[in-house]
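For the sequence shown, our numbering begins at 78 and goes up steadily by one.
What follows is a single structure, written as structure tokens, with notes after it.
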Amino acid sequence: MATFLSWGVAQGLKVLLHLIAEGKLDLRYLVSAGGMPSAHSAFAASLATGVALQEGLRSPLFAMAAAFAIVVMFDAQGVRRATSAQARILNQILDELFQGHPISEERLRELIGHTPVEVLVGAAMGVVLTWVWMAL
């Protein structure tokens, strides 16, 4: 349960942070990928923390959960972040190269991955929320 709570809180924070930064309520952030904090990292870190607290750090289940969390967090800030950069460049090409020419107006989504800080904050949030949940 704490794992889903961590994901939900992270997604909710995205809505709140967007509201503060842009002055607009955008509920699409409840289900979107990318942005601060990383809900993927919160989910994965929470899962690993819950397994560690329940099964112990020496358990094979914890080793699998920790490996899963590392892969998820690496992907969130590595591969998906590179995809975001490529989308930005492709959108810039569309803006500059095809001005005035008939071409699809559909732009690529640029916020796909996470910065290392977004991943760290998401992971820390997942760990803390799971610790609190398990302590209750």
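The beta-carbon is built from N, C-alpha and C at its ideal position, and this holds for glycine as well.
All of these numbers come straight from a predicted model, not from anything done at the bench.
Quick one, are the C-beta atoms of residue i and residue j less than 7 Å apart?
i, j, result
"A119", "A142", "no"
"L93", "M113", "no"
"A87", "S123", "no"
"H191", "Q163", "no"
"T207", "G127", "yes"
"L130", "M202", "no"
"L90", "L96", "no"
Output the distance between the C-alpha atoms of residue i and residue j, rounded to the nearest integer angstrom.
i, j, result
"R220", "F151", "With the chain running from 78 to 213 in the structure shown, residue 220 is simply not present."
"A116", "S83", "7 Å"
"A121", "D172", "37 Å"
"A200", "V156", "18 Å"
"E99", "L134", "42 Å"
"T160", "N168", "12 Å"
"A146", "L197", "12 Å"
"S136", "L107", "34 Å"
"A140", "R165", "37 Å"
"V204", "E195", "14 Å"
"Q176", "R158", "27 Å"
Counting only runs of 4+ residues fully inside the stretch 126 to 175, write out the alpha helix (DSSP H) ranges in chain order. Complete alpha helix (DSSP H) runs here, min 4: 137 to 154 and 156 to 174.
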